[in-house]
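Protein chains in written order, with the working numbering: chain E, 221 to 334; chain Z, 29 to 142.
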């Protein structure tokens with residue numbers, strides 16, 4: 221089982237619809253969770269982070285966290301063609317010997333169609 | 029405006045050459061990372077550092093080496109480049125702040141070994 225799992229997609233949604241991206245993680249001790257957006261050929265860009273159970277909203281983006289179910293999701297409202305990208309889920313995990321590092325999922329490709 | 033800089037942006041080099049990929053950040057971050065990513069594929073951590081004179085190998089075995097002599101600088105070196113090293117190399121950094129462990133990525137170096 222991978223430490224961070226995402227459906228690779230592609231997820232296709234019509235313009236204006238809500239896109240829902242999902243991620244599960246294996247480490248129950250993880251405390252912080254991140255969503256990155258990566259356009260083709262570009263580097264990842266942080267768009268949301270969440271620490272507490274529940275919802276966190278920022279503009280058209282809402283991150284949802286359920287630690288009991290080890291599940292984090294990203295909702296994109298009023299999807300635009302410019303939202304078409306790969307979305308990476310990342311989980312902050314402790315490493316042996318102390319410290320921590322982000323573990324990334326493989327990413328979900330989102331396509332917003334006109 | 030980027031606070032983490034990678035040079036060169038693109039590099040095409042012959043087999044057997046020694047190359048150094050540069051990464052510098054101006055945010056005073058203690059932690060720095062190198063990731064390798066093939067087109068359309070997931071990120072693989074190859075090296076990381078928690079501070080000056082600290083370097084560790086990542087999850088993916090790599091023939092490259094790194095050094096961390098100054099906080100702001102984390103170069104990656106390949107002593108003898110091979111076609112199998114062709115990939116995108118992404119540098120990232122983060123702070124020790126307990127409230128935020130997200131990474132900031134540089135724009136990447138796309139390496140082609142011919």
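For every residue, glycine included, the Cβ atom is placed at its ideal position computed from N, Cα and C.
For residue 63 of chain Z, the enclosing beta strand (DSSP E) starts and ends at 59 to 65. When 7 Å is used as the limit between beta carbons, residue 263 of chain E is near these residues of chain Z: 118, 133, 134, 135 and 136, in chain order. Interface annotation, residue 70 of chain Z: in contact with chain E, CB-CB separation under 8 Å. Taking the beta carbon of residue 130 of chain Z as reference, the chain E residues within 9 Å of it are 252, 254, 256, 266, 269, 310, 312 and 322, listed in sequence order. Per the coordinates, the alpha-carbon of residue 140 of chain Z lies some 11 Å from the alpha-carbon of residue 47 of chain Z. Partner residues in a beta bridge of residue 55 of chain Z, as assigned by DSSP, do not exist.
Residue 296 of chain E and residue 287 of chain E have their alpha carbons spaced roughly 21 Å apart. Less than 8 Å divides the Cβ of residue 241 of chain E from the Cβ of residue 294 of chain E. From the listed residues Z:45, Z:32, Z:97 and Z:108, the smallest Cα separation to residue 77 of chain Z is found for Z:97.
Residue 110 of chain Z and residue 66 of chain Z have their alpha carbons spaced roughly 15 Å apart. The alpha carbon of residue 31 of chain Z has as its nearest neighbour, out of Z:80, Z:51 and Z:42, the alpha carbon of Z:51. CA-to-CA, the gap between residue 306 of chain E and residue 259 of chain E works out to about 6 Å. Look at residue 250 of chain E here: in three-state DSSP terms it is coil, with no helix or strand label.
Look at the segment 75 to 105 of chain Z: the residues with a C-beta under 7 Å from a C-beta of chain E are 76 and 78.
Distance from the Cα of residue 302 of chain E is smallest, within the candidate group E:226, E:235 and E:229, for E:235. For residue 84 of chain Z, the enclosing beta strand (DSSP E) starts and ends at 82 to 85. Under DSSP, residue 77 of chain Z shares a beta bridge with Z:60. Taking a C-beta distance under 8 Å as the contact criterion, residue 107 of chain Z and residue 326 of chain E do not qualify as a contact pair.
Less than 8 Å separates the beta-carbon of residue 72 of chain Z from that of residue 88 of chain Z. Under the DSSP definition of a beta bridge, residue 100 of chain Z lacks any partner. Between residue 39 of chain Z and residue 263 of chain E, the gap from beta carbon to beta carbon reaches 8 Å or more. When the five nearest sequence neighbours on each side are left out, the beta carbons in the same chain lying within less than 7 Å of the beta carbon of residue 334 of chain E are those of 235 and 301, in order along the chain. Taking residue 328 of chain E as reference, the option from E:237, E:221 and E:244 with the minimal CA-CA separation is E:244.
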